[in-house]
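Positions 10 to 475 (this note's numbering) are the ones given, in order, by the sequence shown.
For glycine and all other residues, C-beta sits at the position ideal for the given N, C-alpha and C.
Everything on this sheet refers to the single structure shown next.
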Amino acid sequence: MTNMKKFNDLRVSYDTFIYDSYTIREDKDEVHVVYHFEIPGLGKFEPSWRFPKGEHKIKELTQNGTFLEMVFSLGMVELISYWKMACSPNVVVNAGELNDDQIRWWKELYYLGLGEFFYTNGIDTTMEDFMKIDCKAIIEQKYDTFTLKDNSGCLVPIGGGKDSVVSLELLKSAGENIKCFIINPRGATLKTVQVGGFMDSLLVAKRTLDRNMIELNRRGFLNGHTPYSAIVAFSATITAYLAGLKYISLSNEASANESTVKGSDVNHQYSKSFKFEEDFHKYEETYIKSGTYYFSLLRPLSEFQIAAYFSKCTQYHSIFRSCNVGSKEDKWCGHCPKCLFVFLILSPFLPHRRLCEIFGADMLNDETMIETLDKLIGRVEEKPFECVGSREEVNTAICLAIKNWTKNAKDKEDVKLPKLFSYYTTTEEYKNYYNSSCHFFEEFDDNNLLPEKFEKLVRKMAEELK
Numbered sequence: 010m011t012n013m014k015k016f017n018d019l020r021v022s023y024d025t026f027i028y029d030s031y032t033i034r035e036d037k038d039e040v041h042v043v044y045h046f047e048i049p050g051l052g053k054f055e056p057s058w059r060f061p062k063g064e065h066k067i068k069e070l071t072q073n074g075t076f077l078e079m080v081f082s083l084g085m086v087e088l089i090s091y092w093k094m095a096c097s098p099n100v101v102v103n104a105g106e107l108n109d110d111q112i113r114w115w116k117e118l119y120y121l122g123l124g125e126f127f128y129t130n131g132i133d134t135t136m137e138d139f140m141k142i143d144c145k146a147i148i149e150q151k152y153d154t155f156t157l158k159d160n161s162g163c164l165v166p167i168g169g170g171k172d173s174v175v176s177l178e179l180l181k182s183a184g185e186n187i188k189c190f191i192i193n194p195r196g197a198t199l200k201t202v203q204v205g206g207f208m209d210s211l212l213v214a215k216r217t218l219d220r221n222m223i224e225l226n227r228r229g230f231l232n233g234h235t236p237y238s239a240i241v242a243f244s245a246t247i248t249a250y251l252a253g254l255k256y257i258s259l260s261n262e263a264s265a266n267e268s269t270v271k272g273s274d275v276n277h278q279y280s281k282s283f284k285f286e287e288d289f290h291k292y293e294e295t296y297i298k299s300g301t302y303y304f305s306l307l308r309p310l311s312e313f314q315i316a317a318y319f320s321k322c323t324q325y326h327s328i329f330r331s332c333n334v335g336s337k338e339d340k341w342c343g344h345c346p347k348c349l350f351v352f353l354i355l356s357p358f359l360p361h362r363r364l365c366e367i368f369g370a371d372m373l374n375d376e377t378m379i380e381t382l383d384k385l386i387g388r389v390e391e392k393p394f395e396c397v398g399s400r401e402e403v404n405t406a407i408c409l410a411i412k413n414w415t416k417n418a419k420d421k422e423d424v425k426l427p428k429l430f431s432y433y434t435t436t437e438e439y440k441n442y443y444n445s446s447c448h449f450f451e452e453f454d455d456n457n458l459l460p461e462k463f464e465k466l467v468r469k470m471a472e473e474l475k
């Protein structure tokens, strides 16, 4: 059965998805939120979240219209992970109120955020047809809203990779009041916070998936990528609000805007893109009104600038990780597109021997990675479905690394290029990029939401890297 036929058959068999409600309770240190979703005829699903509650009390929070709107909205983005199993054409929302503008906003997030899911599953659908959201709920009891005032400080989501390290170190250098935010801590995220010196100001949210969904995925129901960074956005807003922090400082760079499939809207990093950042910012300001301010500190920068800065953060080199394959074991697998991309983007700035030590493999002499290299440099239409830099950035990084390799060679044996670089010199991309100047250190993308003091900080960093 093709996935397109499966898609159509499942939509007939399970034509409705219901976001029924959510419940809130507390213990000594945390607020617990449980969402109640249902696909009639298939099952009920109860994913949950836990947030550090600070000084807040449950009675106060359940009478706080702003907090309830945040919790409801997190449920709206959480539901897409469960909806995609059967792709029900009708979504019924009973847990909160949505006007027509909000419904359009959520449909666009779902459709664009599921671009990879539709593409990799071979599903052909449109934004108009894939889903109808029905929200006739009228919440009769209205609660006062409480917007944070005179708040300050930065909540910095930590992913364990080089980007959040750069944000953390930049903000630390400016003397900002920082609290780190982690969802479901793992080795690299905790080590990043520890090395940065922020264990005493760490805020942890715990997300638990419903086991019934995991079992249905195992049985062959539809599965695939969802806009995880949108989940980060809404959960970080709750965390910042409870902690009294104004700024939520993401670490998404300019190249996250590039589509994964040439000539399409399919973008693995859609919810890291500036479009989503801007859309989320406006939605929060219009409908949630928490008083927090969501932006990406690294948005004006290229992967080159980030890699160059990170190369000097030597205390993190042995502990940072962003490999999805090796994440459970807290290691670089040394054989996936993400590992190869990070290896390549750092190669103009760190010695080859040191990179081999970091990744536990000499990826540049692994000929089985040539197909992945072709995707990264743009020889095929698709980039890998990973959070990787632009095609131009990868090509430029390789050319700079080859120039460094040749310049630093001490003898004929040293000048011999590793296998991937040797292969690269046979490509059209090599001819196009080798003699081009690297303009990435001159760039500063003005399409950003940085508050003035943060823009000055990042501009200064970019100037110092030139």
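Put simply, the backbone Cα of Leu364 is about 17 Å away from that of Thr415. Following the DSSP letters along the chain, one finds Cys189 in no alpha helix (DSSP H) but inside the beta strand (DSSP E) bounded by residues Ile187 to Ile192.
Three or more beta-carbon pairs separated by less than 8 Å link the stretch 168-180 to the stretch 199-214, which places the two stretches in contact. In this model, Lys284 and Tyr91 are separated by some 24 Å (Cα to Cα). Separation of Gln278 and Ser311 (C-alpha to C-alpha, rounded to the nearest whole angstrom) is 15 Å. Judged by DSSP secondary structure, Ser238 falls within the alpha helix (DSSP H) whose first and last residues are Tyr237 to Ala252. When secondary structure is reduced to three states using DSSP, Ile167 falls in the coil class, being assigned neither helix nor strand. For Gly205, the enclosing alpha helix (DSSP H) has its first and last residue at Gly196 to Gly205. For Ile27, the three-state secondary structure derived from DSSP is strand. Cβ neighbours of Leu359 within its own chain (closer than 7 Å, five residues either side excluded): Ser320. In the assembly as shown, Met79 is a buried residue. Its beta-carbon has 16 or more other beta-carbons within 10 Å. The alpha-carbon separation between Thr32 and Glu149 amounts to approximately 17 Å. For the set Phe289, Val43 and Asn374, the Cα lying nearest the Cα of Leu429 is the one of Asn374. Bounds of the beta strand (DSSP E) holding Gly52 are Gly52 to Phe54.
Pairing Thr323 with Lys200, the inter-Cα distance amounts to about 14 Å. A straight line joining the alpha-carbon of Leu459 with that of Pro49 spans about 44 Å. Secondary structure note for Tyr91: its alpha helix (DSSP H) is the uninterrupted segment Ile89 to Trp92.
A check of alpha carbon separations from Asn444 across Thr405, Asp339 and Ser431 identifies Thr405 as the nearest. Here Trp341 carries a coil assignment [DSSP, helix/strand/coil]. Inter-residue distance for Glu287 and Glu338 is about 35 Å (C-alpha atoms, whole angstroms). By the CB criterion at 9 Å, Leu164 and Ala95 fall outside the cutoff. Boundaries of the alpha helix (DSSP H) harbouring Val403: Arg400 to Asn417, taken from the DSSP string.
With contacts defined by Cβ atoms closer than 9 Å, Phe329 and Lys188 do not form a contacting pair.
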